[in-house]
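Per this note's numbering, the sequence shown starts with residue 1, numbered consecutively.
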Amino acid sequence: MSTDPSTPGSSANEAGPPGDVSVRHPIFSRFFVALSKLMERELGERRGLLLEGLSGRVLEVGAGNGMNFGHYPPAVEEVVAIEPEAHLRRKATVAAARAAAPVTVREGVADRLPGPDSRFDAVVLSLVLCSVPDPARALAEAARVLRPGGELRFMEHVLAESPRVARAQRWLDRTGTWPRLAGGCHCARETRAAIERAGFGVESCKPFDLGPRFSPTRPHVLGIARSAGGG
1 MSTDPSTPGS
11 SANEAGPPGD
21 VSVRHPIFSR
31 FFVALSKLME
41 RELGERRGLL
51 LEGLSGRVLE
61 VGAGNGMNFG
71 HYPPAVEEVV
81 AIEPEAHLRR
91 KATVAAARAA
101 APVTVREGVA
111 DRLPGPDSRF
121 DAVVLSLVLC
131 SVPDPARALA
141 EAARVLRPGG
151 ELRFMEHVLA
161 ESPRVARAQR
171 WLDRTGTWPR
181 LAGGCHCARE
191 TRAAIERAGF
201 GVESCKPFDL
211 GPRFSPTRPH
221 VLGIARSAGG
231 G
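The structure is reproduced here in structure tokens:
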């Protein structure tokens with residue numbers, strides 16, 4: 001999860017002085033932790049699919065409370081996990097201590113990723129592009145820190161294919177209703193198109209549904225994209 005500090009109606013903390021990227025959504029973050037545990041029976045297998053086959057250095061953007069950490073394969077040498085929301089970051093730090101993979105949790109945001117160019121072999125985006133203020137900028141940063149030919153692993157909820165549902169999703173975003181309720185989350189983003197516009201080649205993008213039928217965040221995709229320059 002990567003929260004938007006400029007979200008209308010977000011509570012207390014907004015982005016502080018330059019260099020301070022901490023965010024606080026005290027109510028929503030606790031709801032998110034509870035929901036993630038309830039959904040793990042349905043989502044755990046997909047977390048494994050999202051991360052299978054990874055190796056080397058990995059950057060996880062918007063790590064939330066660290067539910068992915070237990071699914072990283074042994075070939076991963078290092079995971080740097082960034083999360084701007086203070087309560088979730090504390091939970092992620094606890095999860096990192098239990099993980100088999102070497103995970104370091106850091107404060108950070110998607111549009112200012114840590115590390116020099118071409119630092120990582122893979123970037124993981126898991127339920128995060130919905131809530132970043134500027135997906136194009138976040139994806140440009142992901143491309144910057146990835147080595148040539150590096151992998152972008154993504155699992156996101158997206159705009160529905162059904163015109164009726166898509167209209168409802170767009171209305172919820174346009175009016176600010178859903179972002180206010182869900183800590184800056186937007187339910188009508190066209191994630192695959194955004195990834196392709198950022199210059200990634202999408203190698204797989206599998207749709208799946210998650211959650212109740214009436215949920216505006218039910219449609220999801222899970223996929224792999226590759227940065228340019230891999231030969």
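Virtual Cβ for every residue (Gly too), placed ideally from N, Cα, C.
In this text the structure is predicted, and so the values were computed from the model without any measurement.
Bounding residues of the alpha helix (DSSP H) (the contiguous stretch that carries residue i)
i, result
"residue 145", "135–145"
"residue 172", "163–174"
"residue 180", "177–181"
"residue 190", "Counting along the chain, residue 190 falls outside any alpha helix (DSSP H), and DSSP gives it neither H nor E."
Bridge partners - residue i, DSSP secondary structure assignment
i, result
"residue 209", "219"
"residue 156", "221"
"residue 52", "For residue 52, which the question treats as bridged, DSSP gives no partner whatsoever."
"residue 226", "151, 201"
Close Cβ partners of residue i (< 8 Å) along its chain, the five nearest in sequence each way excluded
i, result
"residue 18", "Only weak support is given to the placement of residue 18: the predicted model assigns it a pLDDT of 38, under 50, and the question is left unresolved by the model."
"residue 140", "198"
"residue 111", "132, 133, 134, 137, 138, 141"
"residue 172", "178, 187, 188, 216"
For residue i, the nearest candidate out of the options (CA to CA)
i, options, result
"residue 187", "59, 130, 40", "130"
"residue 202", "224, 217, 215, 184", "224"
"residue 214", "196, 160, 134, 51", "160"
"residue 106", "134, 127, 63, 156", "63"
"residue 208", "60, 156, 132, 166", "156"
"residue 104", "89, 142, 145, 71", "89"
"residue 86", "78, 66, 71, 70", "66"
"residue 75", "68, 54, 93", "54"
"residue 196", "113, 154, 127", "154"
"residue 189", "119, 169, 200, 182", "169"
"residue 96", "109, 122, 69", "69"
"residue 101", "113, 108, 117, 80", "80"
"residue 115", "94, 82, 93, 229", "82"
"residue 126", "58, 167, 47, 71", "47"
Cutoff 6 Å; reference residue i; Cβ partners in own chain excluding five residues on either side
i, result
"residue 98", "none"
"residue 204", "223, 224"
"residue 220", "157, 208, 210"
Own chain residues within Cβ distance below 7 Å of residue i, not counting five before or after
i, result
"residue 52", "73"
"residue 211", "217, 218"
"residue 42", "210"
Limits of the beta strand (DSSP E) - the one that residue i falls within
i, result
"residue 60", "56–61"
Length-filtered (4 minimum) alpha helix (DSSP H) runs lying within the stretch 73–144: Complete alpha helix (DSSP H) runs here, min 4: 86–98.
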